[in-house]
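Below is one structure, written out as structure tokens, with a few remarks after it.
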Amino acid sequence: MNKALLFVLIILAPYVTATTVFEQVALLGCTFHHQNGATGKLYFHEMMGSGVALFDYDNDGDLDLYFVQ
């Protein structure tokens, strides 16, 4: 990669702002409540967090949500 381009991208990165708005999530029926199941014994699975994946599973052009807990 061109070093000058990389330098410019690194310099300008803090000035790029993105606004994500989640106003209609409740209207769509998308709810998720994380329960970690912690017992306080610090088992490995208690330290792992949950996650979400967004991908087009059924090729309809819309992103599908996959929640993991």
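Its first residue numbered 1, the sequence shown is counted upward by one per residue in our numbering.
We put the CB at the ideal spot given by N, CA and C, even for glycine.
Owing to the predicted nature of the structure, the values given are computational and were not obtained by experimental measurement.
Opening and closing residue of the beta strand (DSSP E) in which residue i lies
{"i": "leucine 27", "result": "It is not in any beta strand (DSSP E) - leucine 27 instead sits in the alpha helix (DSSP H) that spans 25 to 28."}
{"i": "leucine 65", "result": "64 to 68"}
{"i": "phenylalanine 32", "result": "Run containing phenylalanine 32: none; DSSP gives neither H nor E here."}
Same chain only: Cβ atoms within 8 angstroms of residue i, ignoring 5 sequence neighbours per side
{"i": "aspartate 56", "result": "Asp62, Leu63 and Asp64"}
First and last residue of the uninterrupted alpha helix (DSSP H) at residue i
{"i": "alanine 38", "result": "Here alanine 38 belongs to no alpha helix (DSSP H), and DSSP marks it neither H nor E."}
{"i": "alanine 4", "result": "3 to 12"}
Nearest neighbour of residue i, chosen from the options [CA to CA]
{"i": "glutamine 35", "options": "Ala53, Gly29, Met47 and Gln24", "result": "Met47"}
Whole-Å CB distance - residue i paired with residue j, under 8 angstroms assumed
{"i": "valine 68", "j": "glycine 51", "result": "5 angstroms"}
Chain-order list of residues whose beta-carbon lies under 7 angstroms from that of residue i (same chain, five-residue window excluded)
{"i": "cysteine 30", "result": "Leu65"}
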